[in-house]
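J.: I'd like to ask you about the structure that follows.
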Amino acid sequence: MSRPGLDEYFLGIAIAVRERACCTGNRVGALLVRDRHIVATGYNGTAAGTPNCDEGGCHRCNHPEEYPSGSGYDLCTCLHAEQNAILMAAKFGISVSGAVCYTTMRPCFGCSKELLQVGVTAVHYIHNWSHPDAAYQRQYEALQAYFRDGVHQHDITDPRQDWAVRARRS
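Residue 28 in the numbering used here sits at position 30 of the sequence shown; the count goes up by one each step and never skips.
Listed below in structure tokens is the structure:
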């Protein structure tokens, strides 16, 4: 058995963090890493103290037939994994400026803006996310081009991808 490289190591931890995700949509885990050390983790689900998605907490997640892909995020009560990692760092007074985000899914528009705003320099992910509207997708890609050290997809084995990625579920 060979020692994994740092990207594979951190993405493997993001997969483990994802196991706590309560969302009925995509289940995502994320880490913020500074100087090769994890400073915060997050997974997607509703705000602390509110019912989780899998307990009926989020109408959007529990009624996907009412919301076309890429819509209704303003009504969703879930926090995304990347948001939760940023917020946990803030809660405990940890700077994430200069950090790298490792996540199981490419960050959405909103999370990309938030990661850029707090000074994250790069994103590494496993599963792709794209906006269903081609015009929005172009703007999304233009936004992600601002990550100083880029946005990188990795070919990592994900043993629970059928559970985690809504589009892969039957």
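Don't be surprised by glycine CBs; every beta carbon is placed ideally from N, CA and C.
Of the choices Glu64, Gln135, Asn60 and Pro66, whose alpha-carbon is the least far from that of Thr75?
T.: As a first step, residue 75 is located in the sequence shown; it is residue number 77 there, counting from the start. Considering only alpha carbons, the answer is Asn60.
J.: In the DSSP assignment, the beta strand (DSSP E) including Arg32 goes from what residue to what residue?
T.: Residue 32 sits at position 34 when you count from the first residue of the sequence shown. That run of the beta strand (DSSP E) goes Gly27 to Arg32.
J.: Can you give, in chain order, each stretch of the beta strand (DSSP E) that sits fully within the stretch 122 to 151 and has at least 3 residues?
T.: For the stretch 122 to 151, whole beta strand (DSSP E) runs of length 3 or above, ordered along the chain, are 149 to 151.
J.: From this set, Ile124, Glu139 and His122, which residue's C-alpha is nearest Pro130's C-alpha?
T.: Counting from 1 along the sequence shown, the entry for residue 130 is found at position 132. Answer by Cα proximity: Glu139.
J.: Report buried or exposed for Phe145, applying the criterion of at least 16 other Cβ atoms within 10 angstroms of its Cβ.
T.: To locate residue 145, count along the sequence shown from 1; it is residue 147. Label assigned to Phe145: buried.
J.: How about Ser95: is its C-beta nearer than 7 angstroms to some C-beta of chain D?
T.: Annotation note: the requested chain D is absent from the structure, which comprises a single protein chain.
J.: When you compare each of Arg166, Ile11 and Ser67 to Ala132 by their alpha carbons, which one comes out closest?
T.: For the purposes of this step, residue 132 is identified with residue 134 of the sequence shown, where counting begins at 1. When each option's Cα is compared against that of Ala132, the closest is Ser67.
J.: Could you check where the alpha helix (DSSP H) with Val15 kicks off and where it finishes?
T.: Indexing the sequence shown from 1 puts residue 15 at position 17. Per DSSP, Val15 belongs to the alpha helix (DSSP H) from Leu4 to Arg16.
J.: Among Cys106, Arg34, Gln81 and Ala38, which one has its Cα closest to the Cα of Ala45?
T.: Within the sequence shown, the letter at position 47 stands for residue 45. The shortest C-alpha separation from Ala45 is found at Gln81.
J.: Could you tell me the alpha carbon to alpha carbon distance between Val94 and Tyr134, rounded to whole angstroms?
T.: The residue labelled residue 94 in the question sits at position 96 within the sequence shown. The residue labelled residue 134 in the question sits at position 136 within the sequence shown. Looking at the two C-alpha atoms, the distance is approximately 28 angstroms.
J.: Between the Cα of Tyr7 and those of Arg167, Thr155, Arg58 and Ser69, spot the shortest distance and give me the residue it belongs to.
T.: Within the sequence shown, the letter at position 9 stands for residue 7. Closest option to Tyr7, Cα to Cα, is Thr155.
J.: If you measure between the beta carbons of Asn42 and Val26, is that distance less than 7 angstroms?
T.: For this step, residue 42 is matched to residue 44 along the sequence shown. For this step, residue 26 is matched to residue 28 along the sequence shown. Closer than 7 angstroms, so yes.
J.: To which residues of the same chain is Arg34 closer than 7 angstroms at the C-beta, ignoring the five residues directly before and after it?
T.: Looking up residue 34 in the sequence shown gives position 36. Around Arg34: Leu4.
J.: Note down, in chain order, each residue of its chain lying with its Cβ closer than 6 angstroms to the Cβ of Val149, except the 5 sequence neighbours on either side.
T.: As a position in the sequence shown, residue 149 is number 151, starting the count at 1. For Val149, where only same-chain residues beyond five positions count, the Cβ hits under 6 angstroms are Val121 and Gln142.
J.: By DSSP's criteria, Thr101 is part of a beta bridge. Which residues make up the other side?
T.: Here the question's residue 101 lines up with position 103 in the sequence shown. In the DSSP output, where bridge partners are listed per residue, Thr101 has Ala28 and Tyr123.
J.: If distances are taken between C-alpha atoms only, which option among Leu30, Thr48, Tyr65 and Arg58 comes closest to Cys109?
T.: Here residue 109 refers to the residue found at position 111 of the sequence shown. The shortest C-alpha separation from Cys109 is found at Leu30.
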